[in-house]
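Enquirer: Our numbering runs 526 ahead of the 1-based position in the sequence shown.
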Amino acid sequence: MLFGRRIWKHLQPAEKDSLFGVKEEFRKSAAKNKLSLALGEYHTEEGRPFVLSCVKKAEKTLLEEETNKSYSPISGDASFLSLSTKLTFGGSAKNAVAFQTPGGTGALRLGGELLRKFHPQAAIYASDPTWPVHGKIFAACGFAPNSYRYLDSDKNAFSFAHMAADLEEIPDGSVVLLHACAHNPTGFDPTREEWRALEEIISRKSHVPFFDMAYQGLSSGDFDADAFPVRYFAEKKNPLLVAKSFSKNMGLYGERLGTLEILCSEDETDTVRAWGEEIARKTYSNPPIHGARIARRILETLEAEWKKEVEEMSDRLRGKRKALRESLDRLSGSSHDWSYIEKQTGMFCHTGLSRRQVDLLREKHAIFLPVSGRVCIAALPEKDIARVAAGLADVADICAGL
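Next comes the structure, spelled out in structure tokens:
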């Protein structure tokens, strides 16, 4: 059906999301035995998103006791936010201003909008590589894309030397986006000593640390250990921002539950809160209530059970890494060093595959990855580990011979 006027005809198609685009291609594929390891979801062995037992218990209680579906406050559920900041900082943080947001993406966007308003001359620097949506979020806030080196591509390893050198060179007062743990997409994290050295540079250069913490608990299995960088920077009195997501460690993907937690001087808290609420009101107005109520119930009454489940999830991820690495070693012999797989942590494996190798993996083996070559270990069924290893070894050997 055509209308009398076409008001959108001048628009060109927008670029497809690099991750959800793969999901759509996977859906359309007629290949038999196809396998997608693109999206960052923790799956059961049957390939379905995993629902934690503590989430089921919390929801059952809510179903019986919930009395309203009224709007939340603009900043979100105050009790949940208090529990969330405790999880982040390890105790009470009286100088923390917290906002409940629609997922970690909403937290990053709200933080970006606040920074753009009050630090309009600052530049934001993200790791290279990083989660591909980071650049889009901050570009939408008006920031030009900038990056610091993170990966030694020749060794497929974290390069502290490159990162430290770049943080020394960028303009003073820059915003530095940091992955608190389980770096996405590489899985490589700095050591504690390296974090301490990075903090010294960031503090001395008056940079603003902005942590993306989407995987607390899933990196090491220990929530306190995974929060070390954030807590260390806070201990050193750095003003900072933390964008958190409960999509992964509570499995609340579709509930869109995140937080933006800002540590600032006590005399700044009221102003920061007021402007955060002003921006939120004009974008999403009020955050969703259901996910926050689930999380609040878990943190109030089921925290030990939740942390035990997350520890088991983390252990399972390490087991899959080990099995994948061993399968690759058996297939590749001494021609390839796959040891980096077990040096990475979290839900993802950075394979170092080229775009051509990713395409070959899809064409020859019906294994779907994003163009970055990132494998979602959390979505890899144990029964398919040998098959994925065979595909990875095959495309590595093919391209090595070109």
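No residue lacks a Cβ here, since even glycine has one placed at the ideal position from N, Cα and C.
Drop a sphere of 10 angstroms on the beta-carbon of E889, count the other beta-carbons inside from all chains shown, and report buried for 16 or more, exposed for fewer.
Expert: By 1-based counting over the sequence shown, the position of residue 889 is 363. Result: exposed.
Enquirer: Report the CB separation of L640 from P896 in whole angstroms; it is logged as a contact under 8 Å.
Expert: For the purposes of this step, residue 640 is taken as residue 114 along the sequence shown, with counting starting at 1. For the purposes of this step, residue 896 is taken as residue 370 along the sequence shown, with counting starting at 1. That belief does not hold up - the Cβ atoms of L640 and P896 are roughly 30 Å apart, past 8 Å.
Enquirer: Among G780, G777, M689 and G802, which residue has its Cα nearest to the Cα of L786?
Expert: As a first step, residue 786 must be located in the sequence shown, where it is residue number 260. Comparing Cα-Cα distances from L786 to each of G780, G777, M689 and G802, the minimum goes to G802.
Enquirer: Please report the straight-line C-alpha distance between A740 and G872, rounded to a whole angstrom.
Expert: Translated into positions along the sequence shown, residue 740 becomes position 214. Translated into positions along the sequence shown, residue 872 becomes position 346. So the alpha carbons of these two residues sit roughly 10 Å apart.
Enquirer: What residues in its chain sit with their C-beta under 6 Å from that of R635, if we drop five residues either side in the sequence?
Expert: For the purposes of this step, residue 635 is taken as the residue at position 109 of the sequence shown. Cβ within range, chain order: I663.
Enquirer: Any contact of the segment 813-833 with the segment 649-668, i.e. 3+ C-beta pairs under 8 Å?
Expert: Segments in contact, no.
Enquirer: Please classify R675: does DSSP put it in a helix, a strand, or coil?
Expert: Position 149 of the sequence shown, counted from the start, is the residue given in the question as residue 675. Looking at R675 - three-state DSSP - the assignment turns out to be strand.
Enquirer: So what's S653 in DSSP terms, helix, strand or just coil?
Expert: Taking the sequence shown and counting its residues from 1, one reaches residue 653 at position 127. Strand.
Enquirer: Pick helix, strand or coil for P628, following the three-state DSSP scheme.
Expert: By 1-based counting over the sequence shown, the position of residue 628 is 102. Strand, per DSSP.
Enquirer: Which one or two residues does DSSP pair with I893 in a beta bridge?
Expert: Start at 1 with the first residue of the sequence shown, and residue 893 comes out as number 367. Looking at the DSSP assignment, I893 forms a beta bridge with L561.
Enquirer: Under three-state DSSP, which class holds A904?
Expert: For the purposes of this step, residue 904 is taken as residue 378 along the sequence shown, with counting starting at 1. If DSSP states are grouped into helix, strand and coil, A904 belongs with the helices.
Enquirer: Report the three-state DSSP secondary structure of E854 (helix, strand or coil).
Expert: Within the sequence shown, the letter at position 328 stands for residue 854. Sequence check: residue 854 is Leu here, not Glu. If DSSP states are grouped into helix, strand and coil, L854 belongs with the helices.
Enquirer: Considering I663, what are the terminal residues of the beta strand (DSSP E) in which it resides?
Expert: Taking the first residue of the sequence shown as 1, we reach residue 663 at position 137. I663 -> not in any beta strand (DSSP E); alpha helix (DSSP H) instead, spanning V659 to A666.
Enquirer: Where do the ends of the alpha helix (DSSP H) carrying F737 lie?
Expert: What you label residue 737 is simply residue 211 of the sequence shown in a count that begins at 1. That residue, F737, is in no alpha helix (DSSP H); its beta strand (DSSP E) goes V734 to M739.
Enquirer: Compute the Euclidean distance between the alpha carbons of A540 and G547, then round it to the nearest angstrom.
Expert: By one-based count along the sequence shown, residue 540 stands at place 14. By one-based count along the sequence shown, residue 547 stands at place 21. Those two C-alpha atoms are separated by around 12 Å.
Enquirer: Do R822 and S579 count as a contact pair if the criterion is CB distance below 7 Å?
Expert: The sequence position of residue 579 within the sequence shown is 53, counting from 1. The sequence position of residue 822 within the sequence shown is 296, counting from 1. Going by C-beta atoms, S579 is not nearer than 7 Å to R822.
Enquirer: Quick one: give me the first and last residue of the alpha helix (DSSP H) that T795 is part of.
Expert: The residue labelled residue 795 in the question sits at position 269 within the sequence shown. Looking at the DSSP string, the run of the alpha helix (DSSP H) that includes T795 is T795 to T809.
Enquirer: Give me the DSSP bridge partner(s) of G784.
Expert: Mapped onto the sequence shown, residue 784 falls at position 258. Answer by DSSP bridge pairing, in chain order: T627 and S771.
Enquirer: Going straight from the alpha carbon of K762 to that of P697, what length do you get?
Expert: Working through the sequence shown from its first residue, we reach residue 762 at position 236. Working through the sequence shown from its first residue, we reach residue 697 at position 171. Spanning the two alpha carbons is a distance of roughly 21 Å.
Enquirer: Report the residue from D752, S729 and T795 whose alpha carbon sits nearest the alpha carbon of D738.
Expert: Your numbering for residue 738 matches position 212 in the sequence shown. For the residues D752, S729 and T795, the minimum Cα distance to D738 belongs to D752.
Enquirer: Does the segment 590-602 come close enough to the segment 798-812 to have 3 or more Cβ pairs within less than 8 Å?
Expert: In short, these stretches touch, since the Cβ pair count reaches three.
Enquirer: Assuming the contact rule is C-beta atoms closer than 8 Å, I727 and E694 should be a hit. Round their C-beta distance to whole Å, please.
Expert: In the sequence shown, residue 727 corresponds to position 201, counting from 1. In the sequence shown, residue 694 corresponds to position 168, counting from 1. Correct: roughly 6 Å between the Cβ atoms.
Enquirer: Tell me which same chain residues have a C-beta within less than 7 Å of the C-beta of H569, skipping the five on either side of it?
Expert: Residue 569 sits at position 43 when you count from the first residue of the sequence shown. Correct list, in chain order: P575, F576, A904 and A905.
Enquirer: Pick from P711, L854, K554 and K612: whose alpha carbon is nearest that of H876?
Expert: Taking the sequence shown and counting its residues from 1, the one referred to as residue 876 is at position 350. Ranking P711, L854, K554 and K612 by Cα distance to H876 puts P711 first.
Enquirer: My assumption, with CB atoms under 8 Å, is that A690 sits in contact with L724. Please give the rounded CB distance.
Expert: To locate residue 690, count along the sequence shown from 1; it is residue 164. To locate residue 724, count along the sequence shown from 1; it is residue 198. About 7 Å; that satisfies the 8 Å criterion.
Enquirer: Output the boundary residues of the beta strand (DSSP E) element that contains C875.
Expert: Position 349 of the sequence shown holds residue 875. It spans F874 to H876 - the beta strand (DSSP E) in which C875 sits, taken as one unbroken run.
Enquirer: Considering only the beta carbon of each residue, do S598 and I815 sit closer than 7 Å?
Expert: For the purposes of this step, residue 598 is taken as residue 72 along the sequence shown, with counting starting at 1. For the purposes of this step, residue 815 is taken as residue 289 along the sequence shown, with counting starting at 1. In this structure, I815 lies closer than 7 Å to S598 by Cβ.
Enquirer: Between which residues of its own chain and H660 is the CB-CB distance below 6 Å, once the five residues before and five after are set aside?
Expert: Taking the sequence shown and counting its residues from 1, one reaches residue 660 at position 134. Correct list, in chain order: A652.
Enquirer: Are the beta-carbon atoms belonging to S729 and G699 less than 7 Å from one another?
Expert: Position 203 of the sequence shown, counting from 1, holds the residue named residue 729. Position 173 of the sequence shown, counting from 1, holds the residue named residue 699. No, they are not a contact pair.
Enquirer: Any idea what DSSP makes of A915, helix, strand or coil?
Expert: Counting from 1 along the sequence shown, the entry for residue 915 is found at position 389. Residue state, collapsed to three classes: helix.
Enquirer: If we ignore side chains and look at the alpha-carbon of each, how far apart do A665 and V701 end up?
Expert: Residue mapping note: residue 665 aligns to position 139 of the sequence shown, counting from 1. Residue mapping note: residue 701 aligns to position 175 of the sequence shown, counting from 1. Looking at the two C-alpha atoms, the distance is approximately 14 Å.
Enquirer: Since G668 contacts L767 with CB under 8 Å, what's their CB separation in whole angstroms?
Expert: Position 142 of the sequence shown, counted from the first residue, corresponds to residue 668. Position 241 of the sequence shown, counted from the first residue, corresponds to residue 767. About 17 Å separates the two Cβ atoms, so there is no contact after all.
Enquirer: Please report the residue range of the alpha helix (DSSP H) in which V756 lies.
Expert: Looking up residue 756 in the sequence shown gives position 230. Per DSSP, V756 belongs to the alpha helix (DSSP H) from F754 to E761.
Enquirer: Among residues of its own chain, excluding the 5 on either side of P765, which ones have a beta-carbon nearer than 7 Å to its beta-carbon?
Expert: On the sequence shown, position 239 is the one that residue 765 refers to. Here the set comprises V734, L789 and C790.
Enquirer: Look up L789 in the DSSP assignment and give the residues it is bridged to.
Expert: Within the sequence shown, the letter at position 263 stands for residue 789. Answer by DSSP bridge pairing, in chain order: A622 and L766.
Enquirer: Output yes or no for whether 7 Å exceeds the beta carbon distance between L854 and A919.
Expert: The count along the sequence shown starts at 1 and reaches residue 854 at position 328. The count along the sequence shown starts at 1 and reaches residue 919 at position 393. Contact: yes.
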